[in-house]
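Participant:
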Amino acid sequence: MYVDFELAIHTAAKLVFPSVKTRSCQFHLGQNWWKKIQNLHLVAEFKAISEKRSVGLQRRIAQQITAIFSR
């Protein structure tokens, strides 16, 4: 079951469906990160870092967060 990154939904899903495996949606994580970057007025800094580094770094961070919530 794909759910958001909130711990409560992972816990609730496992209580209601004990055998379910929950996974977090990286698309929505990326959307939330981008909103936060915009709210903190860090768009220029983020783009500068992105130009210097590959998107792979962003993907690795998302994978680490997914791994934490998928346990």
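Numbering (the UniProt record's numbering), first residue to last: 1 to 71. Built from N, CA and C at the ideal position, the CB exists for glycine as well.
#1: In this structure, does DSSP put Val-3 in helix, strand or coil?
#2: Indicate whether at least one CB of chain C lies closer than 8 Å to the CB of Gln-38.
#3: Just list the residues that DSSP pairs Arg-23 with in beta bridges.
#4: Are three or more beta carbon pairs between the region 22 to 31 and the region 1 to 9 nearer than 8 Å?
#5: Taking only the alpha-carbon atoms, compute the straight-line gap between Thr-66 and Leu-42 and give it to the nearest angstrom.
Facilitator: Considering the structure as presented:
#1: Start at 1 with the first residue of the sequence shown, and residue 3 comes out as number 3. Note: Val-3 maps to strand in three-state DSSP.
#2: As a matter of chain content, chain C is missing from the structure shown, which is built from one protein chain.
#3: The residue you call residue 23 lines up with position 23 of the sequence shown. Answer is Tyr-2, bridged to Arg-23.
#4: yes
#5: Taking the sequence shown and counting its residues from 1, the one referred to as residue 66 is at position 66. Taking the sequence shown and counting its residues from 1, the one referred to as residue 42 is at position 42. Between Thr-66 and Leu-42, the C-alpha separation is close to 24 Å.
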